[in-house]
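A.B. asks: Take this structure first; my questions come after.
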Amino acid sequence: MCMSDSTGDTVKDPEDWTTGDEPATGAQMSYLGTLAREAGREVPEKLSKAEASKLIDELQGQSGRVADS
């Protein structure tokens, strides 16, 4: 499944990433920590890249860091 972002580029669903099952990157975990603090949430210790990406999207929506287009 593919989604289109506001620029018209095709974005793959994290579930379809070939590396989606690998552990989340340090950058993902750091950003999740920031977003989670702002949202008053806890971040699970072990996340895959795909899980981290989905949680980032969820927390960005709650924090208002990414404006709706």
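So the sequence shown is numbered by our numbering: it starts at 413 and just counts up by one.
Glycine included, each C-beta is placed from N, C-alpha and C at the ideal position.
Predicted model only: the values in this text are computed from it and were never measured.
1) Excluding the five sequence neighbours on either side, which residues of its own chain have a C-beta within less than 8 Å of the C-beta of A464, listed in chain order?
2) A436 lies in the alpha helix (DSSP H); which residues open and close that run?
3) Out of K458, E434, D433, I468, which has the shortest C-alpha to C-alpha gap to E450?
4) Roughly how many angstroms separate the alpha carbons of R453 and K461, rounded to a whole number?
C.D. replies: Taking the coordinates as given:
1) Against the sequence shown, residue 464 aligns to sequence position 52. Apart from sequence neighbours up to five positions away, the residues of its chain that approach A464 with a beta-carbon distance below 8 Å are A436, T437, Q440, M441, L444, ordered along the chain.
2) Numbered from 1 along the sequence shown, position 24 holds the residue referred to as residue 436. A436 -> no alpha helix (DSSP H), and no H or E assigned at all.
3) One-based indexing of the sequence shown puts residue 450 at position 38. Checked all of K458, E434, D433, I468; the closest Cα to E450 is I468.
4) Position 41 of the sequence shown holds residue 453. Position 49 of the sequence shown holds residue 461. Rounded to whole angstroms, the separation of the alpha carbons of K461 and R453 is 19 Å.
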